[in-house]
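A.B. asks: Input: one structure, supplied below.
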Amino acid sequence: MSDIAQRVKKIVVEHLGVEAAQVKEDAKFIDDLGADSLDTVELVMAFEEEFSIEIPDDAAEKIQTVGDAINFIKSKG
Amino acid sequence: MFDLGGKKALVTGASGGLGAAIATALHARGATVTLSGTRADALEALKATLGERAHVVAARMDDAADVDRLAKESEAAMGGLDILVNNAGITRDNISMRLKDEDFQKVLDVNLLGAFRLIRAAMRGMMKRRSGRIVNITSVVGVTGNPGQANYTAAKAGLIGMSKSLAQELASRNITVNCLAPGFIATPMTDVLTDEQKKAILGRVPAERLGRPDEIAAGVVYLASDEAAYITGQTLHINGGMAMI
């Protein structure tokens, strides 16, 4: 597993208080991990901070799964 | 009770009578304050009166980029933002038959959209810190209506509805959003009224006097305090009994 994927999953585990095993790449933040819409905004904020990137609103709206987040951040790297 | 020591507060419209009283009261309770408004000289004069723990960031509330800059610069100056008081407001009064689109729009832009933009910009840090106090200064006429103020009352009523939505969105993050609705207060805004107008107003106020800015500021101190953690989405009316809602 890449370093980016590990860091993303760590943030998701910490923020949503879910088990690491649940944080699969196809897991949807809202449907599978119990996030509400404000949680998804906060996750994006946390990713921005962790990776020192800007995630514009239109891109943020498309990040619905753990894998979406990893792929977006990789594309910025 | 109501100790604001260590809190960081931004007050818009601080060059006006009410805003200055609000900033002064928050500061007196120990908060660090950023004074915003359009008249830099008045803001600097207030800053000089307050002494330490005071900053000035002049900004125009009808300019989106300026509002973003205000949020960033005040957070940078104070090292955070715990309390946001949206007090900036203008009037462009006229009977509706004579009220121009641009005067309607201008009042909405400053009084309502400007407040929203500033809240949106301030929200990020508050969400991260899991705490925040947002107080929007509306007006009794936003609830009762007032002839000649269709634009102003629309904006002020808008603030109340907007605050309720924001309160629901942010409550789980320990951020409260409330309105404070002053009645008729003795400020430069009401000084321009004629004696006849003042007499007519006082006839509607059971307390038989105009309110003082510090009596409004005391309400803001309460809503901004840790003690007010369980009040959100509400409108606190301070109006000498003029409207009992």
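Chains as they are written, first to last, in this note's numbering: chain A, -3 to 73; chain B, 385 to 629. The beta carbon of each residue, even a glycine, is placed where N, CA and C say it ideally should be.
Excluding the five sequence neighbours on either side, which residues of its own chain have a C-beta within less than 7 Å of the C-beta of B/ALA539, listed in chain order?
C.D. replies: If we look at B/ALA539 and ignore the five residues flanking it on each side, its Cβ neighbours are VAL491, LEU492, ASN495 and LEU496.
A.B. asks: Taking the alpha helix (DSSP H) that B/ALA565 falls in, what are its first and last residues?
C.D. replies: Not the alpha helix (DSSP H): B/ALA565 falls in the beta strand (DSSP E), residues 559 to 566.
A.B. asks: Is the number of C-beta pairs between the stretch 591 to 605 of chain B and the stretch 48 to 63 of chain A that are closer than 8 Å three or more?
C.D. replies: With a cut-off of 8 Å, the stretch 48 to 63 of chain A and the stretch 591 to 605 of chain B do not count as touching, because too few Cβ pairs lie within range.
A.B. asks: Determine the DSSP secondary structure at B/VAL469, reduced to helix, strand or coil.
C.D. replies: Strand, per DSSP.
A.B. asks: According to the neighbour-count rule (16 or more other Cβ atoms, all chains shown, within 10 Å of its Cβ), is A/ILE49 buried or exposed?
C.D. replies: Exposed.
A.B. asks: Residues of the stretch 510 to 525 of chain B in Cβ contact with chain A at a cutoff of 9 Å, in chain order, please.
C.D. replies: The stretch 510 to 525 of chain B vs chain A, Cβ under 9 Å: MET511 and LYS512.
A.B. asks: List the residues of chain A whose Cβ lies closer than 9 Å to the Cβ of B/SER556, in chain order.
C.D. replies: Under the 9 Å cutoff, chain A gives ASP32 and LEU34.
A.B. asks: Please report the Cβ distance between B/THR560 and B/ALA613, rounded to the nearest whole angstrom; I am assuming they are in contact, meaning their Cβ atoms lie under 8 Å.
C.D. replies: The pair is a contact, with the Cβ atoms about 7 Å apart (cut-off 8 Å).
A.B. asks: Quick one: give me the first and last residue of the beta strand (DSSP E) that A/ARG3 is part of.
C.D. replies: Segment -1 to 12 is the alpha helix (DSSP H) holding A/ARG3; no beta strand (DSSP E) there.
A.B. asks: Is B/THR537 helix, strand or coil by DSSP?
C.D. replies: Helix at B/THR537.
A.B. asks: Should the stretch 387 to 395 of chain B be regarded as contacting the stretch 410 to 423 of chain B, the criterion being three or more beta carbon pairs within less than 8 Å?
C.D. replies: Touching, per the Cβ criterion.
A.B. asks: Going by DSSP, which residues form a beta bridge with A/HIS24?
C.D. replies: It should be pointed out that residue 24 of chain A corresponds to Lys in this sequence rather than to His. DSSP lists A/THR61 as partners of A/LYS24.
A.B. asks: Strictly below 7 Å CB to CB, what residues from chain A border B/ARG508?
C.D. replies: Here the neighbours are MET41.
A.B. asks: With DSSP collapsed to three states, give me the class of B/GLY603.
C.D. replies: Three-state result, B/GLY603: helix.
A.B. asks: Please confirm whether B/THR522 and B/ASN470 have their CB atoms less than 7 Å apart.
C.D. replies: In this structure, B/ASN470 does not lie closer than 7 Å to B/THR522 by Cβ.
A.B. asks: Enumerate in chain order the residues of its own chain whose CB-to-CB distance from B/LEU620 is below 6 Å, with the five nearest sequence positions on each side excluded.
C.D. replies: These residues qualify, in order along the chain: LEU564 and GLY603.
A.B. asks: Between B/LEU586 and B/MET385, what straight-line distance do the alpha-carbon atoms span, to the nearest angstrom?
C.D. replies: For B/LEU586 and B/MET385, the distance between alpha carbons rounds to 33 Å.
A.B. asks: According to DSSP, is B/LYS512 helix, strand or coil?
C.D. replies: Helix at B/LYS512.
A.B. asks: Quick check on DSSP: helix, strand or coil for B/ASN520?
C.D. replies: It is a strand residue.
A.B. asks: Do B/LEU419 and B/ALA407 have their C-beta atoms closer together than 7 Å?
C.D. replies: Yes.
A.B. asks: Please report the straight-line C-alpha distance between B/ASP598 and B/THR571, rounded to a whole angstrom.
C.D. replies: Their Cα atoms are separated by approximately 11 Å.
A.B. asks: Using beta carbons (cut-off 7 Å, strictly below), is B/ASN623 in contact with chain E?
C.D. replies: Protein chains A and B are contained in the structure displayed, whereas chain E is not.
A.B. asks: Reducing DSSP to helix, strand and coil, say where B/THR574 ends up.
C.D. replies: Helix, per DSSP.
A.B. asks: What are the boundary residues of the beta strand (DSSP E) that includes B/THR418?
C.D. replies: That run of the beta strand (DSSP E) goes 416 to 419.
A.B. asks: Bridge partners of A/LEU29, per DSSP?
C.D. replies: Note: A/LEU29 sits in no beta bridge, so no partner.
A.B. asks: In the DSSP assignment, the alpha helix (DSSP H) including B/THR433 goes from what residue to what residue?
C.D. replies: Element bounds for B/THR433: 424 to 434.
A.B. asks: Count the other CB atoms, across all protein chains shown, that sit within 10 Å of the CB of B/ALA455; report buried if there are 16 or more and exposed otherwise.
C.D. replies: Answer is buried; the Cβ neighbour count reaches 16.
A.B. asks: Leaving out the 5 sequence neighbours to the left and right, which residues in its chain are closer than 7 Å to B/ILE629 when beta-carbon positions are compared?
C.D. replies: The residues are VAL527 and HIS621.
A.B. asks: Quick one: list the residues of chain A neighbouring B/GLU459, beta-carbon separation under 7 Å, in chain order.
C.D. replies: Result: empty, since nearest Cβ-Cβ is about 15 Å, beyond 7 Å.
A.B. asks: Say yes only if the C-beta of B/ARG508 is nearer than 6 Å to one or more non-hydrogen atoms of the ligand ZN, and no if none qualify.
C.D. replies: Ligands displayed in this structure: none; no statement on the ligand ZN is therefore possible.
A.B. asks: Looking at A/ALA56: is its Cβ nearer than 7 Å to the Cβ of A/VAL40?
C.D. replies: Contact flag set, yes.
A.B. asks: Just list the residues that DSSP pairs B/LYS582 with in beta bridges.
C.D. replies: None; B/LYS582 has no bridge partner.
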